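> Everything in the sequence shown is counted per the numbering used here, starting at 21 for the first residue and increasing by one.
C-beta: ideal position from N, C-alpha, C; glycine also.
Computed from a predicted structure; not experimentally measured.
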Amino acid sequence: MKYPSSWFVRRCLPLLTFAFGLGIFDPALGGGQLERGDNARGRGPLEVPGLLRAGLVAGFIGVPLDIGTSHRPGARFGPRQIRAESCLIRPYNMATGAAPFDALQVADLGDVPINTYNLLKSVDIIEQHYGPVLDAGCIPLTLGGDHTIALPILRAMKARHGPVALIHVDAHADVNPDMFGERIAHGTPFRRAVEEGLLIGDKVWQIGLRGSGYSAEDFDWPRQQGFTIVPAHEVWWQSLTPLMAQIRERIGPDTPTYLSFDIDGIDPAYAGGTGTPEIGGLTVPQALEIVRGCRGLNLVGCDLVEVSPAYDTSGNTALLGANLLFEMLCVLPGVKYR
Ligand code: MN
Ligand code: MN
């Protein structure tokens, strides 16, 4: 499909596509999209030439997968409701002055056609889906889905960029050696990522960790890898802007950096629609400080995972997720401020 360049298309259509999944690109439909939780039109493999022709800089991608969850399922419906709640989002960031659609071509690329019956196959499908997106120079902004999806995305990131720096917001470290004997699950992606050399170990921050555990040593392993752990209780009542300044200083402006944001990093008072809630979490202003504090980094991808709409019938959690994804878009390299 030809990509026209009118004001409407540049300013409005990206938002509409984010909101409703109208789709600037129209690849072949996949089968069983309803069961997978795809949006209005299910998507098959992406058309890479189409992406290149459009000069797409950023693409929202849904990954409606929740068969890696250990407790309450339902995150497969995250992308669908995040898109629904995104219809309220306007194109200009009143707080930061970011006008992402002024300079960036942005589109909703639909959902990854995962296999609802097979987690390992789905992980491979996700990795294969992201490869062409990254090769086209497009920065993926992912709507999860449970946190398992970070592993195949980081695998694709390594193939394109090499190991990446990581800013990981979460109540949980997600570095279990296994869960119930399984090595691939939503509580293991960052253990696997270290083992596979996907991360720059001394440029990883885990922010918002908390909750009950199994032993005092739960967070020792990530620290041994060089990770910086920022437990939630250590930053209660504090601005996270100074922390983000330290992180930018340590990472530097050129290092490829990935932002993985588990919505359960935020307190369940604000984001109860998630599968593994933990009390005493980050506030919404702190979440905004983290994302806005990523401005100036070489962000190569971001995700917002673990929104599970059934546990928050108000839609607030998905609304928050949609806004955080907009904030991520606002700090990508090349965004104009006015
Ligand atoms: Mn997580
Ligand atoms: Mn979590």
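1. Excluding five sequence neighbours on each side, which residues of the same chain lie with their C-beta closer than 7 Å to the C-beta of arginine 211?
2. Please report the Cβ distance between alanine 170 and tyrosine 150, rounded to the nearest whole angstrom; I am assuming they are in contact, meaning their Cβ atoms lie under 8 Å.
3. Grab me the residues of proline 353's own chain with a C-beta within less than 7 Å of its C-beta, minus the 5 sequence neighbours each way, in chain order.
4. Extract the residue ranges of the alpha helix (DSSP H) inside the region 194–250, only unbroken runs of 4 or more that lie entirely within it.
5. So aspartate 323 packs on threonine 162, CB below 8 Å; how close in whole Å?
6. Taking the beta strand (DSSP E) that valine 351 falls in, what are its first and last residues?
7. What number of angstroms, rounded off, separates the C-alpha of glutamine 226 from the C-alpha of cysteine 107?
8. Check each candidate in Gly182, Leu140, Gly165 and name the one with the smallest Cα separation from aspartate 155.
9. Indicate, with yes or no, if ligand 1 has a heavy atom lying under 8 Å from the CB of histidine 149.
10. When DSSP builds the beta bridges, which residues end up paired with proline 276?
11. Pop quiz: cysteine 314 and isoleucine 187 are said to be a contact at Cβ under 8 Å. What is the actual Cβ separation, rounded to whole angstroms?
12. What do you get for asparagine 138, buried or exposed, if any count of 16 or more other CB atoms within 10 angstroms of its CB means buried?
13. Okay, do the region 123–134 and the region 200–207 touch, 3+ Cβ pairs below 8 Å being the bar?
14. What three-state label does DSSP hand phenylalanine 28 in the structure shown?
15. Pull up the CB-CB distance for glutamate 298 and alanine 191, whole angstroms please, since I reckon it's below 8 Å.
16. Residue range of the beta strand (DSSP E) that alanine 127 falls in?
17. What is the chain-ordered set of residues for which the beta carbon lies under 5 Å from any non-hydrogen atom of ligand 2?
18. Checking 9 Å against the spacing of the C-beta atoms, do glycine 292 and tyrosine 331 come in under that value?
19. For ligand 1, I want to know if valine 325 counts as a neighbour, meaning its beta carbon is within less than 8 Å of at least one of the ligand's heavy atoms.
20. Could you tell me the boundaries of the alpha helix (DSSP H) in which valine 181 lies?
21. Quick check on the DSSP output: what are the complete alpha helix (DSSP H) runs of length 4 or more inside the region 86–142, in order along the chain?
22. Using 8 Å as the cut-off, can you tell me whether the region 332–345 makes contact with the region 93–113, which would need three or more C-beta pairs spanning the two stretches below that distance?
23. How would you write the range of the beta strand (DSSP E) that valine 189 sits in, first residue to last?
24. Can you find the residues in the same chain that come closer than 8 Å, C-beta to C-beta, to tyrosine 357, ignoring five residues on each side of it along the sequence?
25. At what residues does the alpha helix (DSSP H) containing valine 304 begin and finish?
26. Using a threshold of 9 Å, state whether the C-beta atoms of valine 325 and alanine 338 are closer than that.
27. Output the boundary residues of the alpha helix (DSSP H) element that contains threonine 333.
By the coordinates alone:
1. Excluding sequence neighbours, arginine 211 sits near Val195, Asn196, Pro197.
2. Alanine 170 to tyrosine 150, Cβ: 11 Å. No contact.
3. Asn318, Leu319
4. 209–215, 240–244
5. 4 Å
6. Valine 351 -> no beta strand (DSSP E), and no H or E assigned at all.
7. In this structure, the straight-line span from the alpha carbon of glutamine 226 to that of cysteine 107 is close to 30 Å.
8. Gly182
9. no
10. Asn318
11. Cβ-Cβ separation between cysteine 314 and isoleucine 187: approximately 7 Å, consistent with a contact (criterion under 8 Å).
12. Answer is exposed; the Cβ neighbour count stays below 16.
13. no
14. With a pLDDT of 39 at phenylalanine 28, under the threshold of 50, the modelled position of this residue cannot be trusted; read the value that follows with caution. Residue state, collapsed to three classes: helix.
15. 4 Å
16. Per DSSP, the unbroken beta strand (DSSP E) holding alanine 127 starts and ends at 126–131.
17. Contact residues of ligand 2 (beta-carbon closer than 5 Å to any heavy atom; chain order) are Asp190, Ala191, His192, Asp282, Asp284.
18. yes
19. yes
20. The amino acid occupying residue 181 in the given sequence is histidine; valine does not appear at that position. Segment 170–181, the alpha helix (DSSP H) holding histidine 181.
21. The region 86–142 contains these whole alpha helix (DSSP H) runs: 98–105, 120–123.
22. yes
23. That run of the beta strand (DSSP E) goes 184–189.
24. Contacts found: Thr116, Gly117, Ala118, Ala119.
25. Here the alpha helix (DSSP H) through valine 304 covers 304–312.
26. no
27. Note, threonine 333: premise wrong, no alpha helix (DSSP H); not H, not E.
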